[in-house]
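Okay, structure first, notes after.
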Amino acid sequence: MVPISYYLVLSGILFACGVCGFLIKRNIITIFMSIELMLNGVNLSFVAFAAHWHQLAGQVFVFFVMVVAAAEAAVGLAIIIAVYRTRETLNVDQVNLLKL
Amino acid sequence: MTLLLAQMQAIPQSVDYVRILPELVLSLFGILVMVLDPLVDEGKSQKTLGYIGFIGTITALLSTWYMAQSPGIAFSSIVRVDSFSIFFTFLVIAIAAVVILSSFEYMAVQRIRAGEYYALILFSVVGMALMASAVELVMIFIGLEISSISTYILAGFRRHEASSSESSLKYFLLGSFATAFFLYGVALMFGGTGSTNIDIISQKLQSGNVGLLVYAAMAMMFVGLGFKVAIAPFHIWTPDVYEGAPAPVVGFMSTAPKAAAFAVLLRVVFAINAPGRFWFLWVAAALSMTLGNIGALVQSNVKRLLAYSSIAHAGYLLVAFAMTTPENWAAGISAAMFYTAAYAAMNVGAFAVVSHFANSGERYVNLEDYEGLARSSPLLAATLTIFLLSLIGIPITGGFFAKFYVFSAALRANLVWLTLIGVVNSAIGAYYYLRIIVVMYMRESRKEVPVNPVSFGLATALAVSILATLYLGILPNRILQVAQHSAQDLLPQPPAAAAQIPQPAPTSAH
Amino acid sequence: MNPDLKLWLIPILPLAGAAVNGFFGKKSSRQAVTIVGLFFSGAAFAWALGVAFRFSSLELPYQEYLAHWIRSGNFSADFAFYLDQLSLVMLLVVTGVGFLIHVYSVGYMWDDPGYYRFFSYLNLFMFFMLTLVLANNYLLMFIGWEGVGLASYLLIGFWFTKDSAASAGKKAFIVNRIGDFGFLIGLFLLIQHFGSLTFTQVFDQVKPMSPETAGAGLLTTIGILLIVGACGKSAQIPLYVWLPDAMEGPTPVSALIHAATMVTAGVYMVSRSHVIFERAPIALTIVAVIGTLTAFFAATIGIAQTDIKKVLAYSTVSQLGYMFMACGVGAFSAGIFHLMTHAFFKGLLFLAAGSVIHAVGGEQDMRRMGGLRTKLPWTFWTMTAATLAIAGIPGLAGFFSKDEILWRAYQASWAYWLVGVVTAFITSFYMFRLWFMTFFGEYRGEAAGHGAPAHDTHAGHGHGGVHESPKVMVIPLAILAVLSVIGGYVGVPGSLGGNNHFDHFLGPVFRSTLPPESAQTQMGEKGATEQTTEGTEPKESASKELMFTGISVAAAFLGLALAWLLYYRSPDLPHRIVQRIAGLYDVVCHKYYVDEIYASLIVKPLVNGSTSILWQGVDRKVIDDTVNNAADGARHVSDEVRHMQSGNLRSYAGWVAAGSAVLIAYMIWWGVAR
Amino acid sequence: MNTDHLSPYILTLVTFVPLAGALLLVLLPRRDRDIRIFSLVVSLLAFGLSLHLPVHLHRGQPGFQFEIDKPWISSPNIHYHMGIDGISVWLVVLTTFLTPLCVLISWKSVHDRVKEFFILLLILETALIGVFTSLDLFLFYFFWEATLIPMALLIGIFGHERKVYAAVKFFMYTMIASVFMLAAILWLYAQTHSFDFVTIRDAIANHRVPNFPAAAQWLFLGFFIAFAVKVPLFPFHTWLPDAHVEAPTAGSVLLAGVLLKMGTYGMLRFNLGLFPDQARSNAPWIIALALIGIIYGALVAMVQPNMKKLIAYSSVSHLGFVVLGIFSFTTAGLNGAMFVMLAHGVSTGGLFMLAGVLHERRHTYEISEFGGLASPMPVYAASFLFIVLASVGLPLLNGFVGEFLVLSGAFQAKPLYGVLAATGVIWSACYLLWMFQRVFYGKVTHPVNNAVSDLLGFEKAAIWSCAVAALVMGVAPIMWLAAIDPAVQAALTPFAQLVSKVVVQ
Amino acid sequence: MVSIHLILFLAFGAVAAAGAINLLVQRHPINAALSLIAVMAALAGEYMLLGAEFVAAVQVIVYAGAIMVLFVFVIMLLNAGVEEQTKGSRVAIVFGIPGMLLGSLLIAWVVLKHSGTGDVAVGPLPGAPNVIGQLLFHEFLLPFEVTSILILIAIMGSVVLASKPPVPGSTPAKKVQD
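Chains as they are written, first to last, in my numbering: chain A, 52 to 151; chain B, 681 to 1190; chain C, 763 to 1436; chain D, 19 to 523; chain E, 40 to 217.
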């Protein structure tokens, strides 16, 4: 028997790590990975809550999240490639043409 | 047995398809455009496909009208067709239509791949329409993603431009970041209520026991949605993205996805009756208005300036959300809806002019490029002036009445200070719109700025938006009544007709 | 029942003349202009005479309502006219002298390019003056009051290309405005307490009130305010400064406006309001003091002036002082009497002076005249008559009126009388000084026609040499001369065996409206004089009066003698005297530096203060800068806000994260709170 | 003929005829002459129509006439409610009277973008008339704001050197001020669920407005600030000189002639009409400001080197009289205030036209540039003098009647007010006559001025009609007062009650 | 038994957390990607513990399999090297990190104390493929169908963005006559 809240805390940790990664990582791809990490964290909560409520809807939701994540990944990486083409860099700190 | 019954009713009827007819039509036309793209030769692909897309939107509008005949729940309470959803569906599709019309020559000039462009617009509209009509967080999430992802892509359409891809990147990364927050919020909400269906959630919440989870969930969802509608403090991406994105796209994404997101926000705030939201909305509204206006004061890039102004307008709109007591909700909702419509009309128009004027390679987007525009092309200048006046909130324009209505609703709810902040802001905001008018009319052009002749499509688009702006300003009655009526639809049903409210599972193992 | 006199025609006729000349004069010939100008003023005179003839048959006061003017709430002021003995006298003086001066002007102004303008203005003046005289309420009177101010502004600045003339006109108007300010306030007080400005209504409400001997009350205040107005119009201390400058205008103007008629408006107004003043002894005293001081003060200045017109101007001020003195001691009829005679001889003096100036080609400085006696016989003799009259030589108009004033003054207080007599002496001195310097001795000016100042008309004259003026100018002189000789006999005082017709004629107007017992107690001497109008005069006061008459006559002759000594017998004597008292002479010569004092005390501070403090200071520095700074501040903040947009993605994420943290914290706190 | 059947629609007609004209102008080809003639015809038509109002106005009866009240927007409950009384009728006529003159005076002076100019002018006229005719607060605010843009554009497009600064300053000042009025209006609506002036007035009078007492003062200030800036009252006046100096002649004429009156009219109609108690309690400091405005404006005007600035500051002074009269709460005061509004509209309008004539010939307003002009242009000088005298307040001209009534009213309210304000009589003479002397008298200092031509035909038409109006108003003010007086009495009834209350207590 | 469950949970959780932390500390994207894969695998384990078999499977196949492969592919394509430590943003450190900490602590507190959840046994809610399928094709039919559009968009987008851009569009403004 494991308290569901443990799962939730774990998911929270993952989410927090994702946020932290977004904040501190310089490489765009890594930043994107941190977003995926956040999504994973969310998924865990979904599954945990599904177990709590005995509602499969939660698991289905996870399924949709994965689809979305896949789509985002495709688009996001394409965008990253486009950026790399124009700026020849993956360092997010150097992608700041648009400011003020 | 019961399961079978459940499945029986779960199987969609034909009426269910009627209730998503506009979405269907749009997707069909989107696919059609995609398919035709390779077949039409590069030269005139833009216009052909564009017109197909335009026809698609028109058809969708008609089908919306047809759909309106049979309101109700569809696909086992995934979407609900009521005047609220119809209002927003109609709005976003109309915006798409105007944007498509106004972006022909831009496509031609930018040599943008028309097929994907129009298809993406159509598909994104599908997503927005679903956002407007969905009553299931899953559906809302998917719709949100559809609209967002396609706007990410659209933002990066001028691939050879560093600025464009950068704006696309920023929009994408921050967008997904926010989406993650929203999603976490949904998860917590699911955890707090055991359902992802808005009706059930609201009933659950009204029936009392509101755990802290729900509050946390609300916070998270507000972060996500707040980002989408660009309200402070989550507005920060707007200026960069708008500056970099192609002008017509900005016109599109500053209105349509916002409208849809506001629809969702309305549902979340009022249908769910989100607890403890008041001060957040109050502060966010005040902050957005102020930051937006202040930030815009010294902008010299028109697109960026309008970006800031859109933040400010989101702020005004948010004032309508901060209704305190349920008897004010209807007023607030209808005010917000009307404002969304008015804002869409004027902003699309404004960006249409800007994008036309910016012409090749978005070269002329700075204030000094607008000097003497009134002399070189008076009609264009007059058009832009009308939109700007509407943005200022000068009478006989929709912008004026929208603001007026929002603030009167706010005062109805005794939000005196918020109203004062709002009106003062709208006065200050007048300044930077006025700057554009000033340079157009009161300065003589120093450098030669070529202005293409206005094409038929653009002319139509502008005419439509002007008419809409003035119509909303002079005869707002019809739209107001629709808005007020749909506000009634949105208000949460009393918990009496409670569907099965999920209970937590027995914690013991089996 | 009164016949309809159509009084309104009297002012309207000159107005019509003014309009015709003003609009069409530029095109039409001089003859046409002359005809129009003379016809309309003459018609007014004729009509006035007609009124005079039917006067005896009227029941007085005769009132005539023409039209509504202002109606507000229950206050109303209408175009309505009022005729009694007082206004009749004024009417005749104004129209009569006015007409004569019109005639004179034909000759005097003939060569002036602005001929039509001149007559149009002159007629306009007649219109306003007559309105003033005939008004039946203070507001209508105020129309005339301001209107004559306008006319004098226009006429003083008639030669507007001359800066001094333009400034003089402006000065006159503004100083008058200062007076009118007081007048207006007085009117407001009247409205506030009596709800009306119509003479009859106001006076009927005033009559039951008892005199404010105890201290200054309402009536005193009103009286004083009215005096302020009168001081402005009648050039009394401290507002007399505009009149000497007003001599910049053409001489006929000086004669008509600044001697005969307009400047006497103040006297008229005070006597018109005598009902009020009778009950405000303090105000009356003020009038008397002002009058006395002005009379003396102006006279002293007159001694040292060398500009012939300036001398006359100060003499006018001084004579007006006499009239005020009269009013101040309650001898209103005497004041009006002097007003009339003064109109004759002072008008004449100016016209004669004009004729002299005309003769010597625009020269106004007496030091360059002299010996004109033979050259200008008509002018000389008429001038002589006028001089004798003003000097108070027995038998002429001035003598009777002045003598009566002095006598009444003495009855009020011997101080008035003393100053009055001294002034009389000075008057006769400087008048004869003028007389001698102008007409006797050798001609000191260079040959006329050369180098004459361009401004005053006659440089254009082809003919050289000093010459007598044309008939059209001489005739009015003659008529006025006659008047100033015999004009006094309408009011020979009883002491001289006459029975003061004039006083009797005006009696009904000025008969004390005080309740008798207070008349006895308060008015002391005045009560007695009231009885004199009844004709029951104590013997001893008659002999006393004779004695005083003798004194004043002596004073007059003394002045004559001194003038003869200094300016005829030994003309170099004055210089030595002047060297002896250089300082004093200098001060007098510069009119006691009053203009300079006003300029440095009032005008300069105002202009500089408004410029540096108000405009540049408050307007620019305080208000505008506040506004602009606010705007700049907004821009500054805006710049700060822009720098939130560092363009760095992670910063943006940072903002979002922070914002969401705050939001989460708030929501959870809220959730915990409930 | 019987035109009473016209009465329900006459206001709508008068208000929107110019707008219709403007719309037609948009379609007209850019042939300047036709455009000028057309707009002249339109404005004259509006004038003719507006004359119907005073003619058929039932003078005796207070309250609003020619009313038209049609629901416009169901909720919020907004009505298309128009109506006029003895007060507003004259302001409408004033507007329609001045506009044709503006068209005339701009005949030659505007030669660039003529079409835009006249379109804006006509739109402005409609908005101005609307302000005076609307009885629905929303409608009022609607027109109130609508006047902003055309005016700002007129200044900004057709103005002179620092036109942009002036236009923006004018716009922002008024905009910021008027939003407070908007807030107040909205609050009233939130409480009464009506924008109708009469309804709200009665509701307030009968204490049927929930938690009104708490808000009353703020509402009063909300309205007042908007009006005070428009008037402009003393500390808020600095936009006026700039706006005037930069504005084209027609702009200045309408600005001084009518726009400023919007403020005073608003005070009279709303601050007094809706909040009598607050009006009374706030009167002292308002009057103080007005008095400062009178004297301050005059003194500053006196030292202006620029003709138009001088006239602008004189407006500050004159409008001070109006405010003073309004807040004296006396019949005379209000009558006078109304009359000064009209008189100032005519005479100052005339002054600005004259200044414009000069600017057209010499392209400057600097007084030092002129001098001795009376010789080369006598007719002009005469006309100028006439208008100046009207503005100085010479009896028998329009300026006097109003000032006299205001002063006596103020005096009744408190002698000190009357005395201080009466000094204005002196000041006005000082600055105007001094200016006149410096411009027209003396020798011609700048040889250029010998060549300047005298008044042209259309200029005469414009200016002399002002002069005639000034004369008629001065001689027969009764024609105006007869209509104004009852309306003013009606407006003062609540104060009469107040007084009686005070007496009772 | 019980302890086994807890141990398994802790083990997987430890791996997941470690992977997440590692993602943060790793300088090279490839390592980051690999650690992310580790996290996902561990999460799949957790799903199994919660009885979400289908989800676990999809997690491994789609996430670890498809998506991460895509990541790695892109990293290779752009041969992204070790990320340099640029001082780009103070805000992220000054506001972001504290905000993140505060937020996550609050959330953690909430889910620990106030989630109202109890203990859970292994596989309390068997998410077998057929059941999930039932749901997907009945209750969640519409979202399921709509995801196809999402995928379509994704494909189109990647085609548009990732394909070689045309010659930089300095083409003269092409008039559009109507």
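Backbone N, C-alpha and C define an ideal beta-carbon position, used for all residues, glycine too.
Small disclaimer: the values here were computed from a predicted structure and weren't measured.
Buried versus exposed, by CB contacts within 10 Å (16 or more), residue i
i: residue 126(D); result: exposed
i: residue 1299(C); result: Confidence in residue 1299(C) is poor, its pLDDT being 48 and thus under 50, which makes the residue's placement too unreliable to answer from.
i: residue 1191(B); result: Limits of chain B in this structure are 681 at one end and 1190 at the other, which puts residue 1191(B) out of reach.
i: residue 511(D); result: exposed
i: residue 716(C); result: In the structure displayed, chain C extends from 763 to 1436; residue 716(C) sits before or after that span and is not available.
i: residue 834(B); result: buried
i: residue 794(B); result: buried
i: residue 133(E); result: exposed
i: residue 1242(C); result: buried
i: residue 125(E); result: exposed
Contact under 8 Å by Cβ, residue i with residue j
i: residue 142(E); j: residue 1423(C); result: yes
i: residue 1016(C); j: residue 1120(C); result: no
i: residue 391(D); j: residue 488(D); result: no
i: residue 137(A); j: residue 842(B); result: yes
i: residue 1030(C); j: residue 888(C); result: no
i: residue 1010(B); j: residue 1164(B); result: yes
i: residue 1037(B); j: residue 929(B); result: no
i: residue 784(B); j: residue 727(B); result: yes
Supposed close pair residue i, residue j - CB separation, criterion 8 Å
i: residue 1066(B); j: residue 1116(B); result: The Cβ separation is near 12 Å, so there is no contact.
i: residue 1048(C); j: residue 984(C); result: Rounded, the Cβ-Cβ distance is 13 Å, inconsistent with contact.
Interface flag, residue i vs chain H, CB-CB below 8 Å
i: residue 1408(C); result: As a matter of chain content, chain H is missing from the structure shown, whose protein chains are A, B, C, D and E.
Contact list for the region 1369-1383 of chain C against chain A, Cβ threshold 8 Å: none
Within 7 Å of chain B by C-beta, residues of the region 167-197 of chain D in sequence order: 167, 171, 174, 175, 181, 182, 185, 186, 189, 190, 193, 194 and 197
Cβ contact (3+ pairs, closer than 8 Å) linking the region 896-907 of chain C and the region 836-845 of chain C: yes
Stretch-stretch touch, CB-based, cutoff 8 Å, three pairs: the region 132-148 of chain D with the region 69-84 of chain D: no
Residues within the region 165-188 of chain E neighbouring chain B, beta-carbon criterion of under 8 Å: 173, 177, 178, 179, 180, 181, 182, 185, 186 and 188
Residues, ordered as in the chain, of the region 117-136 of chain E that lie near chain C by beta-carbon distance below 9 Å: 127, 128, 129, 130, 131, 132, 133, 134, 135 and 136
Cβ contact check for the region 1107-1123 of chain C and the region 1141-1156 of chain C: 3 or more pairs under 8 Å: yes
Given 8 Å, three or more beta-carbon pairs between the region 1094-1102 of chain C and the region 1031-1051 of chain C: yes
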